[in-house]
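Structure first, commentary second.
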Amino acid sequence: MNENENKNSEHPEGIEEPKKNSRRARPTKKTQSQALQEALGIQPDDLKDIEGKLSVIKFLDYFSEEPLDFAFKERSIDQYIKRITERIDKFDTAGEEDKLLKKGFEDKKILEAVERIKIKTEELAISKGINKPVEKRLRNLNLIITAPLLGIALLFFILPLFGIDISFFMLPLLCVFCMVPQFVRNSTVKKWFRFKEENRDELYTKNRDDILVLKSYVGEILSNVRSNLIELKVPLELIKFSLFHRDYEDLNVINQKQMRGLTEYYVSFEYPEGMEAFPIPTALQQQYNQPIFPEKKKGDKLEKNFVVLTEMKGKEGIITSFLPRLKDNLADKINQMLSESEFTESDLEFSKIIPNYSSDAAIYCICGEIAKIETVNVCNWKNKFKFYLFEGRQCKCGDQIYAISLMDEDDSIPEELKDVFLS
């Protein structure tokens, strides 16, 4: 797993709390739970119950989407199972709806389904030559690499004592010290993500029935949580959390983030049809308006692989022809344009937006491979101008392509963006 994935798999919590900062740096902030309690008069135990259910949801959802991330991790899975079991056992002393959740957990044999998925996933991994988690392989590789490098470092101190000048070797060896470990780690991680992607369909086929059982139970808990929030009169828009499967009922997909081989969806609950939304207290307006994706801090790496579909021909969101042009020289301006835009997922699938996508009309990675588009967003720039943002799957070369395009050849391009969209 990459760093982001690891965080999600190790900490699948419910309502997320802001990171704790040093008391010297700034005053202590209220957590989201505390803010909700004060503004809405909710009891702490009610929110803890909801948070507990969301943590069960996030583990089962993530596990069903990425079982390979849990392969050969007995201790990690045992910890999750222990927490889940403890939370499910508490449903016995709760209301009737929670008792039904426990009954569903037992009737669907959730723990048995998790165990079967784990066994089948590890069997497939072993059959393909993998018998340990990627983190352990990285640690082993680091030890293998570090030992000889330490030996070389020792020579730096010993040889000069015998009058042997090795200063002319210093720079090349320092480069090796810095580059080799990073190169090996990157290579291993890329192979791991490629392995996951190549075996995703086979894994799903082998575990289909059990995966559907887990997702069905996740849907039951989501429905229960929504009912709890409505009963407490919590504005549903305030409860934002992330999932890796988007087709559960009664959810709004607010935004999404593409990670290597995986899409993380940020969601909130929908109100029942015909129900009026609860008003959001003034004290919670700032929390509601916070962006799902925080702005990049100075020094963060910005995307640069931007392809623009110039000379675009098409009407009403359907693109019939275009010339792809790499505009990495305008990466800073494009990143700024995107940061000033609001994102919504396109109603049209990519296959319908560019129906003749092929080698004759394709978006290419910088290595020459045809980009496989996974996500299509409609971007609204300053409420003045809309355009497409296509996000490509990570290529075999390790790069990821982003493409932008007009939605209609007759769209009026703002003057300040013409150098981006025109040839």
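Just so you know, the sequence shown maps onto residues -13 to 409 in the numbering used here. Backbone N, C-alpha and C fix where the C-beta goes; we use that ideal spot for every residue, glycine too. Model, not experiment: these values are computed from the prediction.
Would DSSP call residue i helix, strand or coil?
i      : result
P400   : coil
R61    : helix
N185   : helix
Q242   : strand
L264   : Note that residue 264 is Phe in the sequence shown, not Leu. DSSP places F264 in coil when its eight states are reduced to three.
Y234   : coil
N172   : helix
V204   : helix
Y257   : coil
E281   : In this prediction, E281 has a pLDDT of 42, which is less than 50 and means its spatial position is unreliable; what the coordinates show is noted afterwards. Correct three-state label for E281: coil.
L140   : helix
E(-11) : Legend: pLDDT at E(-11) = 43, less than 50; position of this residue unreliable, value from coordinates given subsequently. Helix.
E360   : strand
E217   : helix
K68    : helix
V124   : The sequence shown places Leu at residue 124, not Val. In this structure, L124 counts as helix in the three-state DSSP scheme.
S8     : Note that S8 scores a pLDDT of 36, beneath 50, so its modelled location is shaky; the value from the coordinates is reported in the next line. Coil at S8, not helix or strand.
L129   : helix
L316   : helix
E250   : strand
G0     : Confidence in G0 is poor, its pLDDT being 42 and thus under 50, which makes the residue's placement unreliable; the coordinate value appears in the next sentence. Coil at G0, not helix or strand.
D394   : coil
K118   : coil
Determine, using beta carbons only, whether residue i and residue j come nearer to each other than 7 Å.
i    : j    : result
K226 : L54  : no
F58  : F49  : no
I43  : I207 : yes
L200 : A111 : no
C351 : F329 : no
E101 : H231 : no
M323 : F308 : no
I240 : S254 : yes
A317 : F336 : no
S391 : L295 : yes
L124 : R180 : no
K243 : E235 : no
D75  : V204 : no
F407 : A389 : no
N185 : I103 : no
D394 : K301 : yes
S83  : N210 : Per the sequence presented here, residue 83 reads as Glu, with Ser not at that position. Yes.
F77  : K85  : yes
G378 : L334 : no
A25  : A269 : yes
I28  : L222 : no
E326 : K368 : yes
S398 : V362 : no
I340 : P310 : no
Following the continuous beta strand (DSSP E) through residue i, name the residue where it begins and the one where it ends.
i    : result
M298 : 292 to 301
R311 : 304 to 312
T107 : Run containing T107: none in the beta strand (DSSP E); it sits in the alpha helix (DSSP H), 96 to 113.
E328 : 327 to 331
E344 : It is worth fixing the name first, because residue 344 is Ser in this sequence and not Glu. Unbroken run through S344: none, as it is neither H nor E.
F227 : 227 to 229
Hey, quick one: how far does the alpha helix (DSSP H) through residue i stretch, first residue to last?
i    : result
F91  : 82 to 93
F336 : 336 to 339
F49  : 30 to 51
- [ ] Go through the region 365 to 389 residue by residue and report every complete run of the beta strand (DSSP E) that reaches 3 residues or more, in order.
- [x] 371 to 378
TODO: Would you check if there are 3 or more beta carbon pairs closer than 8 Å linking the region 260 to 267 to the region 356 to 375?
DONE: no
Task: Three-pair Cβ contact test at 8 Å for the region 185 to 192 versus the region 211 to 226 - done: no
Task: the region 63 to 83 in contact with the region 111 to 128 per 3-pair CB rule at 8 Å - done: no
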